[in-house]
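Read through the structure below, which is laid out as C-alpha cells, and then see the notes.
There are 4 protein chains.
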Amino acid sequence: MSKYSDIRDAAYEANMQLPKLNLVLFTFGNVSAADRDLGVFAIKPSGVPYKDLTPDDMVIVDFEGVTVKGKMRPSSDTLTHAVLYKHWEKIGGIVHTHSTYATAWAQAQRDIPNYGTTHADYTTVDIPCAPPMSDEMIQGDYEYQTGFQIMNCLQEKGYSYEEVEMMLVGNHAPFTWGKTANKAVHNSAVLETIAHMAYLSEQIRPNNPRLQDSLIKKHFERKHGPNSYYGQ
Amino acid sequence: MSKYSDIRDAAYEANMQLPKLNLVLFTFGNVSAADRDLGVFAIKPSGVPYKDLTPDDMVIVDFEGVTVKGKMRPSSDTLTHAVLYKHWEKIGGIVHTHSTYATAWAQAQRDIPNYGTTHADYTTVDIPCAPPMSDEMIQGDYEYQTGFQIMNCLQEKGYSYEEVEMMLVGNHAPFTWGKTANKAVHNSAVLETIAHMAYLSEQIRPNNPRLQDSLIKKHFERKHGPNSYYGQ
Amino acid sequence: MSKYSDIRDAAYEANMQLPKLNLVLFTFGNVSAADRDLGVFAIKPSGVPYKDLTPDDMVIVDFEGVTVKGKMRPSSDTLTHAVLYKHWEKIGGIVHTHSTYATAWAQAQRDIPNYGTTHADYTTVDIPCAPPMSDEMIQGDYEYQTGFQIMNCLQEKGYSYEEVEMMLVGNHAPFTWGKTANKAVHNSAVLETIAHMAYLSEQIRPNNPRLQDSLIKKHFERKHGPNSYYGQ
Amino acid sequence: MSKYSDIRDAAYEANMQLPKLNLVLFTFGNVSAADRDLGVFAIKPSGVPYKDLTPDDMVIVDFEGVTVKGKMRPSSDTLTHAVLYKHWEKIGGIVHTHSTYATAWAQAQRDIPNYGTTHADYTTVDIPCAPPMSDEMIQGDYEYQTGFQIMNCLQEKGYSYEEVEMMLVGNHAPFTWGKTANKAVHNSAVLETIAHMAYLSEQIRPNNPRLQDSLIKKHFERKHGPNSYYGQ
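Protein chains in written order, with the numbering used here: chain A, 2 to 233; chain B, 2 to 233; chain C, 2 to 233; chain D, 2 to 233.
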C-alpha cells in the first residue's frame, strides 16, 4: 500500500463528485488533494473521462510541479495547482472547473457582487475576478503564471486565501480551494449557485444593491466566526 | 416508541423531499413539523447532509426554542420556526430553503407580482418580500428577529398567514408554511416555480401587467373557496 | 373488460408522460383521450399525484361534460376538454399543462413568434395566445368558457385546429391537442421547447425577425405537406 | 457480418449519445459515420424515436445520397450529410441537432463570439452562423443546398473545416463534424455549452468584449497545436 494512498483516494473521490454535481462536461475540470507532510499532491490525469477514471490513475506531483509517481500525464493545469500549494500553506485541496454560470461571469470579467446571505455564508466580499493575464504571462509559462495571477489578485484586494476560497480568472473560469479536496469541491458547487443567483437578481432588478454590512457579517460569522453556531 | 415519533417522521420525510424537488444544495434548507397538543416541533439538525439524515436525528424543540429531546444541535434557524409556531396557531409545518429563483427575487428585494393562474391558484396577492432587517435586529437575536420580520411584514400588508403561506425575506431567501410539513414543502416547490415563471414573463415582456382581479379570484376560489371544486 | 379500456389506457399512459417530460409539477396538468364512436373521453381525476395514478382512476366523461363512469371527480378543467371535443370533430386527445416557458409567454400575453425551423416543423404561424377572458366569462362557467376562448381565438385568426395544434390562454397556460392523446403530449413538449428557444433568441437579439416565408413553408411541408418525406 | 458493421455500430452508438447528453427531444437530430474506403456512410433512419433504435436500423448511403443498404428511409437531412462527406475528405462523422442554446443563436442569426477559454479550447474564431438560405435554394433541393450553404459560409470566412468543426445555419440549427462520429457528437455537446455561456456573459455584461488573441492562441494550441500537451 502506497504512502500516497490517502491523497490518491481523496483526489479520486473528489474528482468523481464533479460530474455528479453537474460542474463538468466530458473531461473539463480537475481536483487535487495535497499531503503537506510529504510535500506532494494527487491530481487527475489530463483528458481522461470521469467514467474511465480509477484511483490508480491519479498522478502524484510535488510542489514544483514535478511528477513523483504515476503512469499518466497529470492535468494540463497542474502547475497552477503546484504554485498555489507552494505559497498557500494551509490549503489541502484545489478545484478547477468550467461550470456554466461561474464561467459566464469570468467571461464577462466581473466580480460577483455579494447580493444575499447564500453568498455571505461563504465570504464577506464580492467573489473576485482576476483580470485576464498579460500577453507576456500567457505566452510564457501559462499555467504557472495563472497561479500567480490568482495570488496577486487576492493580495491586491487585501484578501486572505483562508477567508476567500473561490475566485474567477478573467476570460477563463473558476478556481476554488479549501482545507481538503472535499471542501474545495463543496466551494465549487456553492460558487456555481451564487453565480446563478447573482445573475438572476441583476435581471430581476437592474442596479441591484449589495447586502448591508451587518447582514454579511452576521451570516459569515454564524458559520465561520469564533462564536459560530452552524453545524454540529 | 416515543410520543414524538409522528412529528419526527413527518419532519424527516418532509426534509428528504427537499433534495428530490431540487430545492436545496448540500445542507441548505430545513423543515419542521409541529405537534400542537404537545407544544413542540421536530426540526432538522444543523449542517447534516440529507443523505446522512435519519428520523432519529430530528431534534424536538418547544415553542420558546428550547431543545426538549435530541442528540444533535437543531437547525441554526430554529428560533425563526419557534417564533412562527408560537404566534401562528394553525400552522403545523415550516420550510426554509435557498431555492434558486425564489432566492434571486429575495436578493432583489422585490415582491413577486401575480402574473398568472399558477400563482393565483395559491394566493390572490403578490408574494411579499419582507424588507431586509435593521442593523439592530440583525446584531440582536437574529433568527428570533427573522420570525418577527416575517410576521410584521404580513401584518403591515394586512394578509393572514392562512391566506398567504409563502414569503421572501429580503436579501435572504424564502420561507413557507402550512397545516402540515408536507404542505409547507409543497408550497416551497410551488413558490420556486412561480418565481421562475414571473422572472421569465418580465424578460419576455418588460412592464408585464398583473392578472385581472376576476381571474385571480376565480382560480384561488376554485381551489380554496367555500365552493372549491379542485381535488377529490 | 370495459368498452372504455382503450381510451382509459391511452389517457393513463399519456398522463404519465407529463412528469417524465418535465412538463408538470405535482398534480398540475391533465390529458384526455377521446373515443369518437362512443362519444366520450377518459380524463385524469382532479388533484391526484401522478405517482399514485392508475389506469382505473381515469374518469369517463361525455362531450357535454357529464361523467359516465368513474369513482373519482374528473379534472377541474374537464369542461374545457368537453367543449373542444364537441366542436373539433377530428381531435382525439387534449393536454393542459403549466409548463414553465410556455406559461411564461402566456403570462406575458404574447404570441410566440415563428423564429426558426423547430417551430416551422409544427406550424407556419406564430403560436397564438388567446387574450385573457372577460370578467363575465370568468365569473360564468369558467372552464366551459375557456374552451370557447380557445376556439374563438383560432377562428378570429383564421387558423384551423388541424393546422395549429397548440395555443396559449393569456394569463393562464398552454393547451395542445392532436389526433391522439400521445400526439397531444408530443405537442406539449414541443411547445415548451419552442417557447424556451424563442425567449432565448429575443434575449440574444432584441427585435429578432421572423423566419422567411419560404423556409417556414419548406419545413412545414416536408413534415406535413402532401409530398412530406419525414418519417417512415 | 456486413462490411458496414463498423460504421453501422459507430453511427448507432453516436446517435444514442444525443438523448443522454440532452441534445435532442423526441426524434430531432441525427448522426452519421462514414467509411472513406467504401465511400458510404451510416445514418439514423428518419423519425424513429431513440428508444426504439437498433444498430440494424441504420441506413447505408453513398456520397451522392443514394441508399445502398437498409430497410428504412434515411434521415430527411441525409443529402446535407452526403454533400459534406463528398467535399470534405477528412471528416468521418456529422451531427445535426436542435439543441436549445445553439438553436437560439441560429434563430437570432448571430455568430457566437469567442468570449472565453472554453470556446478557445475548440476554435480560435467566432462560431459562424451561415445566413439563412435564399428562397431559390430553399425551394430547390433544400437539404442538398443546406450542405452548400455550410461549405460556402466557411469558405467565405476563410476557415478550414479541419479548424472549425461546428457551425450554425441561420434560422435553423447547429451542425458539427469531426474525424469520427464520436468526435462530432462531442463537438455538439461543447457547442451547446459554449452557446449557453456566451448568452449568459452578454446578459451579465452587455457589449462583452472578445477574448484577447494571445489567450485564444494559447488555449487552442495547448489542445491542438504541434506542441499540444493536453490529454494522454
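Quick reminder that beta carbons are idealized off the backbone N, C-alpha and C, glycines included.
Residue i versus the options, residue with shortest Cα-Cα distance
| i | options | result |
| --- | --- | --- |
| C/F42 | C/M168, C/Y13 and C/Y231 | C/Y13 |
| B/K72 | B/P56, B/F64 and B/K87 | B/P56 |
| C/D214 | C/N23, C/R206 and C/P114 | C/P114 |
| C/E157 | C/P132, C/V32 and C/K180 | C/P132 |
| D/H120 | D/K45, D/E164 and D/E65 | D/E164 |
| A/P207 | B/S6, B/Q110, B/L155 and B/G48 | B/Q110 |
| C/G66 | C/D136, C/Y145 and C/T125 | C/Y145 |
| B/P175 | B/Y162, B/T181, B/I151 and B/N209 | B/I151 |
| D/A185 | D/V96, D/A196 and D/T124 | D/V96 |
| A/P210 | B/G226, B/M167, B/A190 and B/Q108 | B/Q108 |
| A/S3 | A/F29, A/E222, A/S161 and A/V69 | A/V69 |
| A/E193 | A/V84, A/C130, A/H99 and A/G159 | A/H99 |
Three-state secondary structure (DSSP) of residue i
| i | result |
| --- | --- |
| B/V96 | strand |
| C/D112 | coil |
| D/K4 | coil |
| C/P133 | coil |
| A/P50 | coil |
| D/V126 | coil |
| B/P210 | coil |
| B/D78 | coil |
| D/L84 | At residue 84 of chain D the sequence reads Val, which differs from the Leu that was named. Reduced to three states, the DSSP call for D/V84 is helix. |
9 Å Cβ cut-off: residues of chain D touching residue i
| i | result |
| --- | --- |
| C/Y116 | A105, Q108, A109 and N172 |
| C/A190 | L26 and F27 |
| C/N209 | Q108, A109 and Q110 |
Boundaries of the beta strand (DSSP E) in which residue i is found, first to last residue
| i | result |
| --- | --- |
| C/L169 | M167 to V170 |
| B/S33 | N31 to D36 |
| D/T177 | P175 to G179 |
| A/K70 | T68 to K70 |
| D/D63 | V60 to D63 |
Buried or exposed (CB count within 10 angstroms, at least 16 for buried), residue i
| i | result |
| --- | --- |
| B/N23 | exposed |
| B/N228 | exposed |
| D/R37 | exposed |
| C/K219 | buried |
| D/Q233 | exposed |
| C/P50 | exposed |
| A/E137 | exposed |
| A/P75 | buried |
| C/S77 | buried |
| D/D53 | exposed |
Cross-chain neighbours of residue i in chain B, by beta carbon under 8 Å
| i | result |
| --- | --- |
| A/M152 | Ordered by position in chain B, no residue passes the 8 Å Cβ test against A/M152, which lies about 28 Å from the chain. |
| C/S229 | Under the 8 Å cutoff, chain B gives no residues; its nearest Cβ is about 32 Å from C/S229. |
| C/R74 | Y230, G232 and Q233 |
Listed by chain order, chain D residues near residue i by CB distance under 8 Å
| i | result |
| --- | --- |
| A/T101 | T194, H197, M198 and L201 |
| A/Q140 | S215 and K219 |
Span of the alpha helix (DSSP H) around residue i
| i | result |
| --- | --- |
| B/I217 | D214 to H225 |
| D/V186 | A182 to I205 |
| C/F149 | Y143 to K158 |
| B/T237 | Because chain B here runs from 2 to 233, residue 237 of chain B falls outside it and cannot be looked at. |
Closer than 9 Å at the beta carbon, the chain B residues around residue i
| i | result |
| --- | --- |
| A/Q204 | A105, A109, Y200, E203 and Q204 |
| C/M168 | None at all; the shortest Cβ gap to chain B is about 15 Å. |
| C/D136 | Q213, D214, S215 and L216 |
Neighbour list for residue i in chain A, Cβ cutoff strictly below 9 Å
| i | result |
| --- | --- |
| B/V49 | G232 and Q233 |
| D/T124 | Neighbours of D/T124 on chain A: none; closest Cβ ~15 Å, over 9 Å. |
Listed by chain order, chain C residues near residue i by CB distance under 7 Å
| i | result |
| --- | --- |
| D/Y235 | Residue 235 of chain D cannot be examined here, being either before or after the span of chain D that is shown, 2 to 233. |
| D/D53 | None at all; the shortest Cβ gap to chain C is about 11 Å. |
Within chain A, the residues that residue i reaches when beta carbons sit closer than 7 Å
| i | result |
| --- | --- |
| D/L212 | N172 |
| D/T98 | Per Cβ cutoff of 7 Å: no residues; D/T98 is ~15 Å from chain A at best. |
Listed by chain order, chain A residues near residue i by CB distance under 8 Å
| i | result |
| --- | --- |
| B/P46 | Q233 |
Chain-ordered chain C contacts of residue i [CB-CB under 8 Å]
| i | result |
| --- | --- |
| B/H187 | F27 |
Any non-hydrogen atom of the ligand PLP within 7 Å of residue i CB
| i | result |
| --- | --- |
| D/P210 | This structure lacks the ligand PLP, and indeed carries no ligand of any kind. |
Under 7 Å from the C-beta of residue i: neighbouring residues of chain E
| i | result |
| --- | --- |
| C/P133 | Among the protein chains of the structure shown, namely A, B, C and D, there is no chain E. |
Contact list for residue i against chain D, beta-carbon separation under 7 Å
| i | result |
| --- | --- |
| A/S77 | R223, Y230 and Y231 |
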